[in-house]
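J.: Following this message is one structure expressed as structure tokens.
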Amino acid sequence: MGKVKKLGAKTRYNIITYTVVVLAYIVMQLLSTGDMLTSSIEGMLVPICVYIVMAVSLNLTVGVLGELSLGHAGFMSVGAFSGVTVAVILENAVASEPLRLAIAMVAGAVFAAIAGFLIGIPVLRLNGDYLAIVTLAFGEIIKSIFNNLYVGLDSNGLHFSLLSDNTNLAEGGELIIGGPMGIGGIDRISTFTAGFVLIIITLIIVLNMMNSRTGRAVMAIRDNRIAAESIGIQVTKYKMIAFVTSAALAGASGALFAMNYSTIAANKFDFNTSILVLVFVVLGGLGNVLGSVIAAAALTVLPEALRGFDDYRMLTYAIVLILVMLATNSSTVRGFIDRLRFKKTGKES
Amino acid sequence: MSFLNFLISGISLGSIYAIIALGYTMVYGIAKMLNFAHGDVIMVGAYICFYAVFSFELPPIVGILMAIAVCTVLGIVIEKLAYKPLRSAPSLAVLITAIGVSYFLQNAAQLLWTSSPKVFPRFFNFGGQASVSFFGGQLSVSWTTIITIITCIIIMLALTWFTGKTKRGKAMRACSEDKGAAQLMGINVDATISMTFAIGSGLAAIAGVLLCSAYPTLVPTTGSMPGIKAFTAAVFGGIGSIPGALLGGLLLGIIEIMAKAYISTQLSDAIVFAVLIIVLLVKPAGLLGKRVNEKV
Numbered sequence: 409m410g411k412v413k414k415l416g417a418k419t420r421y422n423i424i425t426y427t428v429v430v431l432a433y434i435v436m437q438l439l440s441t442g443d444m445l446t447s448s449i450e451g452m453l454v455p456i457c458v459y460i461v462m463a464v465s466l467n468l469t470v471g472v473l474g475e476l477s478l479g480h481a482g483f484m485s486v487g488a489f490s491g492v493t494v495a496v497i498l499e500n501a502v503a504s505e506p507l508r509l510a511i512a513m514v515a516g517a518v519f520a521a522i523a524g525f526l527i528g529i530p531v532l533r534l535n536g537d538y539l540a541i542v543t544l545a546f547g548e549i550i551k552s553i554f555n556n557l558y559v560g561l562d563s564n565g566l567h568f569s570l571l572s573d574n575t576n577l578a579e580g581g582e583l584i585i586g587g588p589m590g591i592g593g594i595d596r597i598s599t600f601t602a603g604f605v606l607i608i609i610t611l612i613i614v615l616n617m618m619n620s621r622t623g624r625a626v627m628a629i630r631d632n633r634i635a636a637e638s639i640g641i642q643v644t645k646y647k648m649i650a651f652v653t654s655a656a657l658a659g660a661s662g663a664l665f666a667m668n669y670s671t672i673a674a675n676k677f678d679f680n681t682s683i684l685v686l687v688f689v690v691l692g693g694l695g696n697v698l699g700s701v702i703a704a705a706a707l708t709v710l711p712e713a714l715r716g717f718d719d720y721r722m723l724t725y726a727i728v729l730i731l732v733m734l735a736t737n738s739s740t741v742r743g744f745i746d747r748l749r750f751k752k753t754g755k756e757s
Numbered sequence: 009m010s011f012l013n014f015l016i017s018g019i020s021l022g023s024i025y026a027i028i029a030l031g032y033t034m035v036y037g038i039a040k041m042l043n044f045a046h047g048d049v050i051m052v053g054a055y056i057c058f059y060a061v062f063s064f065e066l067p068p069i070v071g072i073l074m075a076i077a078v079c080t081v082l083g084i085v086i087e088k089l090a091y092k093p094l095r096s097a098p099s100l101a102v103l104i105t106a107i108g109v110s111y112f113l114q115n116a117a118q119l120l121w122t123s124s125p126k127v128f129p130r131f132f133n134f135g136g137q138a139s140v141s142f143f144g145g146q147l148s149v150s151w152t153t154i155i156t157i158i159t160c161i162i163i164m165l166a167l168t169w170f171t172g173k174t175k176r177g178k179a180m181r182a183c184s185e186d187k188g189a190a191q192l193m194g195i196n197v198d199a200t201i202s203m204t205f206a207i208g209s210g211l212a213a214i215a216g217v218l219l220c221s222a223y224p225t226l227v228p229t230t231g232s233m234p235g236i237k238a239f240t241a242a243v244f245g246g247i248g249s250i251p252g253a254l255l256g257g258l259l260l261g262i263i264e265i266m267a268k269a270y271i272s273t274q275l276s277d278a279i280v281f282a283v284l285i286i287v288l289l290v291k292p293a294g295l296l297g298k299r300v301n302e303k304v
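Each protein sequence line maps, in turn, to chains V and C. One rule links them: number in my numbering = place in the first sequence (from 1) + 408. One rule links them: number in my numbering = place in the second sequence (from 1) + 8.
Quick look at the structure:
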């Protein structure tokens, strides 16, 4: 322990974050092999990993860069659809399932990064609520497009069409994306271990970035854009780096998410999903990566844990959400807690 | 004539968006918060009116007045319980609380009124006819459309008079300009904010009844998509500006109907949002928004 204390506060925080994730993985894996998990929790392991990655990546935009994004599910959607398409194309070429999953996730990340870059060009010129509404708009546009996109594969290669199925596939061809029906008959190759690896990669990328020159530049922009600009930080460049990284990670998690189910439709990645992830980020604490991880895991399990309340569970979820926000942010409650602390320690906090 | 028909239904839909957007924009102007629960207040208003007319067989006008009353009270209660304690909290915390309120309203509605869709009755029949014909029957406009447009005009005129001429309206503008200075001038800021929520929610009730008269399926999530669209409309016109909300709402409604009619039904939402993005790139503060210069 002596050694740990000597390390800087940031390093200690990072070590704690990694330890928590690894321990949680080991415990869940043991419980899973020992058949001690209910099937509903078992089925939630991959979605939990996905939401953790989503929350950590959104935290990069909202917490570290300080720009509100309401369209994060759009990138997830891009990653999911491109990832599954790539996985279907490689079905015969790559026999190993984990390798195919890895390639699909990388493809999802690349396509989402491209989307993030293209969207970033107009979006990052705006500020505050205007930026938020444009990310919302892009999320809805991506959803509409995927709802009307048809992609088919046959011996002649890929065929695309918009609005109606004009792919005209040759004999033996396969329709991969079927408009509003989404993708059906997906190989369910996502595993909990793959999710864990993705979380670790995400943490390495985000934590290292936050403690690097790039991360400090991004945080400087968040704290005061004009001051940052005046000391020679290229605002657009660093904003773009943070935004694209965040989009790429969301894309990878989208691919993982899609391949956990046998069918996936564009409507799954709507405004509500973006908001759900945003709730994880804000409850976990802006800029607090470990907080995002815990909030995402806890809040994904919470509706399931409230199953006993049956009809009232989503209502309870809403009330819990409001109460937590009031408890952590209200000045009255804060003052009350401070007074308690003052009584206990005799010190002003 | 079909173009004129589409234009009129666009203006009608746009009027509904404009009424909802007014609620967004006034609350944003004064409390600097995005009230995501606004869309669900619309839904509550529509349900109240539906049950008043359908189950208790009250006349429609009483149903509408009841919906307005309930939503006004609901708006004040939400503000007092959920938003007021967070007056000094970071804006994201308030945003998440608003989302929590929105979830709460949707799920409470689902418990109270179940998720099976209700078919909203047609109120606006005059002389036994649901629509009037112009130009010897070439153009037929439903009474719902006419009443929606007239209501929107009346609300706009009333609000312009209210914010410009009355003492309370001036207090409202003062609060949105500078809360601290307004308080020093003897304005009761808390009461003014409550009043803004009350007006916004009352308008939401009217919008709910009009929306469901035009599109008669009523489910607990009825309010969310029009809510998002109206929010977009408010930003489109320049958030915080009352004429901007009207302009933004009308344009959004017309673009949506025209895109549906001439380009593609499925992609109409994408087109609406694409136009929004283009407008914001050219005018980053919306059409009628004030461009605030940054001070260094």
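Glycine included, every Cβ here is placed at the ideal spot set by N, Cα and C.
(1) In chain C, which residues lie less than 7 Å from residue 683 (chain V) when you measure between Cβ atoms?
(2) How close, in whole Å, do the beta carbons of residue 602 (chain V) and residue 507 (chain V) come, if the pair is a contact with beta carbons under 8 Å?
(3) Which residues does DSSP pair with residue 148 (chain C) in a beta bridge?
(4) From which residue to which residue does the beta strand (DSSP E) around residue 582 (chain V) run?
(5) DSSP puts residue 480 (chain V) in a beta bridge; with which residues?
(6) Between residue 148 (chain C) and the rest of its own chain, which residues show a CB-CB distance below 6 Å, the 5 nearest in sequence each way excluded?
(7) Does the beta-carbon of residue 724 (chain V), which I'm using as the reference point, lie nearer than 7 Å to any heavy atom of the ligand COA?
(8) Comparing alpha-carbon positions, which option in V:533, V:743, V:492 lies nearest residue 644 (chain V)?
(9) Any idea which residues DSSP pairs residue 225 (chain C) with across the strands?
(10) Who are the Cβ neighbours of residue 102 (chain C) in its own chain at under 6 Å, not counting the five residues just before and after it?
(11) Within 8 Å (strictly less), CB to CB, does residue 274 (chain C) reach chain V?
(12) Please name the residue, chosen from V:697, V:633, V:710, that lies closest to residue 426 (chain V) on a Cα-to-Cα basis.
(13) Can you tell me the Cβ-Cβ gap for residue 278 (chain C) and residue 553 (chain V), rounded? I've got them flagged as a contact below 8 Å.
(14) Which of helix, strand or coil does DSSP assign to residue 492 (chain V)?
(15) According to DSSP, is residue 595 (chain V) helix, strand or coil?
(16) Please compile the residues from chain V whose C-beta is within a distance smaller than 7 Å of the C-beta of residue 115 (chain C).
(17) Name the residues in the region 727-738 of chain V whose C-beta lies less than 9 Å from a C-beta of chain C; which are they?
(18) Establish whether the CB of residue 259 (chain C) and some CB of chain V are separated by less than 8 Å.
(19) Need the endpoints of the beta strand (DSSP E) that residue 472 (chain V) sits in, please.
(20) Using the Cα positions of residue 681 (chain V) and residue 481 (chain V), report the straight-line distance between them to the nearest angstrom.
(21) Strictly under 8 Å for the Cβ-Cβ distance: is residue 278 (chain C) near chain V by that measure?
(22) Determine whether the beta carbon atoms of residue 240 (chain C) and residue 284 (chain C) lie at a separation below 8 Å.
(23) Starting from the N-terminal side, write out each stretch of the alpha helix (DSSP H) that is 4 residues or longer and does not extend beyond the region 711-753 of chain V.
(24) Give the residues of chain C in contact with residue 545 (chain V), contact being defined as C-beta atoms less than 8 Å apart.
(25) Taking the C-alpha atoms as reference points, what is the distance between residue 675 (chain V) and residue 455 (chain V)?
(26) Any residues in the region 467-492 of chain V with a beta carbon nearer than 8 Å to a beta carbon of chain B? Which ones, in chain order?
(27) Given that residue 506 (chain V) touches chain C, what residues does it touch there, using C-beta distances under 8 Å?
(28) In chain C, which residues lie less than 9 Å from residue 552 (chain V) when you measure between Cβ atoms?
(29) Using a Cβ-Cβ distance cut-off of 8 Å, determine whether residue 668 (chain V) contacts chain C.
(30) List, in chain order, every chain C residue whose beta-carbon is nearer than 7 Å to that of residue 759 (chain V).
(31) Measuring CB to CB, does residue 163 (chain C) end up less than 8 Å from residue 27 (chain C)?
(32) Return helix, strand or coil for residue 562 (chain V), following the three-state DSSP convention.
T.: In brief:
(1) Counted from its first residue, the first sequence places residue 683 (chain V) at position 275. The answer, in chain order, is 107.
(2) Counting from 1 along the first sequence, the entry for residue 602 (chain V) is found at position 194. Counting from 1 along the first sequence, the entry for residue 507 (chain V) is found at position 99. So it is not a contact: roughly 11 Å between Cβ atoms.
(3) One-based indexing of the second sequence puts residue 148 (chain C) at position 140. BP columns for residue 148 (chain C) point to C:141.
(4) In the first sequence, counting from the first residue as 1, residue 582 (chain V) sits at position 174. Taken as a continuous stretch (DSSP letters only), the beta strand (DSSP E) holding residue 582 (chain V) covers 582-586.
(5) Translated into the one-based positions of the first sequence, residue 480 (chain V) becomes position 72. Note: residue 480 (chain V) sits in no beta bridge, so no partner.
(6) Translated into the one-based positions of the second sequence, residue 148 (chain C) becomes position 140. Closer than 6 Å at the Cβ level, and outside the excluded window around residue 148 (chain C), lie 139, 141.
(7) As far as ligands go, the structure on display features none, and thus does not contain the ligand COA.
(8) Within the first sequence, residue 644 (chain V) is the residue found at index 236, counting from 1. Of the candidates V:533, V:743, V:492, the one whose C-alpha sits nearest the C-alpha of residue 644 (chain V) is V:533.
(9) Your numbering for residue 225 (chain C) matches position 217 in the second sequence. Looking at the DSSP assignment, residue 225 (chain C) forms a beta bridge with C:127.
(10) Reading the second sequence from its first residue, position 94 is the one you call residue 102 (chain C). Excluding residues within five positions, the ones whose Cβ falls inside 6 Å are 41, 94.
(11) Here residue 274 (chain C) is taken as the residue at index 266 of the second sequence, counted from 1. Cβ-Cβ to chain V under 8 Å: yes for residue 274 (chain C).
(12) Here residue 426 (chain V) corresponds to residue number 18 of the first sequence, with the count starting at 1. Selected option, being the one with the closest Cα: V:697.
(13) Here residue 278 (chain C) refers to the residue found at position 270 when the second sequence is read from its first residue. Here residue 553 (chain V) refers to the residue found at position 145 when the first sequence is read from its first residue. Correct: roughly 6 Å between the Cβ atoms.
(14) Position 84 of the first sequence holds residue 492 (chain V). The answer is helix: DSSP assigns residue 492 (chain V) an H, G or I state.
(15) Looking up residue 595 (chain V) in the first sequence gives position 187. DSSP places residue 595 (chain V) in coil when its eight states are reduced to three.
(16) The residue you call residue 115 (chain C) lines up with position 107 of the second sequence. Neighbours of residue 115 (chain C) on chain V, chain order: 722, 723, 726.
(17) 727, 728, 729, 730, 731, 732, 733, 734, 736, 737, 738
(18) Taking the second sequence and counting its residues from 1, one reaches residue 259 (chain C) at position 251. False, the Cβ-Cβ gap to chain V never drops below 8 Å.
(19) Position 64 of the first sequence, counted from the start, is the residue given in the question as residue 472 (chain V). No beta strand (DSSP E) holds residue 472 (chain V); DSSP gives it neither H nor E.
(20) As a first step, residue 681 (chain V) must be located in the first sequence, where it is residue number 273. As a first step, residue 481 (chain V) must be located in the first sequence, where it is residue number 73. The alpha-carbon atoms of residue 681 (chain V) and residue 481 (chain V) are separated by roughly 6 Å.
(21) As a first step, residue 278 (chain C) must be located in the second sequence, where it is residue number 270. Judged by the 8 Å Cβ criterion, residue 278 (chain C) is in contact with chain V.
(22) By one-based count along the second sequence, residue 240 (chain C) stands at place 232. By one-based count along the second sequence, residue 284 (chain C) stands at place 276. Yes, the Cβ-Cβ distance between residue 240 (chain C) and residue 284 (chain C) is below 8 Å.
(23) 721-737, 739-753
(24) As a working note, residue 545 (chain V) is residue 137 in the first sequence. Ordered by position in chain C, the residues that pass the 8 Å Cβ test against residue 545 (chain V) are 240, 281, 282, 284, 285.
(25) Translated into the one-based positions of the first sequence, residue 675 (chain V) becomes position 267. Translated into the one-based positions of the first sequence, residue 455 (chain V) becomes position 47. Whole-angstrom Cα-Cα distance: 17 Å.
(26) In the displayed structure, chain B is absent; the protein chains listed are V and C.
(27) Residue 506 (chain V) sits at position 98 when you count from the first residue of the first sequence. In chain order: nothing, as chain C lies at least about 36 Å away.
(28) For the purposes of this step, residue 552 (chain V) is taken as residue 144 along the first sequence, with counting starting at 1. Correct list: 274, 275, 276, 277, 278, 279, 281.
(29) By one-based count along the first sequence, residue 668 (chain V) stands at place 260. Closer than 8 Å: no.
(30) Only positions 409 to 757 of chain V appear in the structure, and residue 759 (chain V) is not among them; the question remains open.
(31) Translated into positions along the second sequence, residue 163 (chain C) becomes position 155. Translated into positions along the second sequence, residue 27 (chain C) becomes position 19. Closer than 8 Å, so yes.
(32) Position 154 of the first sequence, counted from the first residue, corresponds to residue 562 (chain V). DSSP places residue 562 (chain V) in strand when its eight states are reduced to three.
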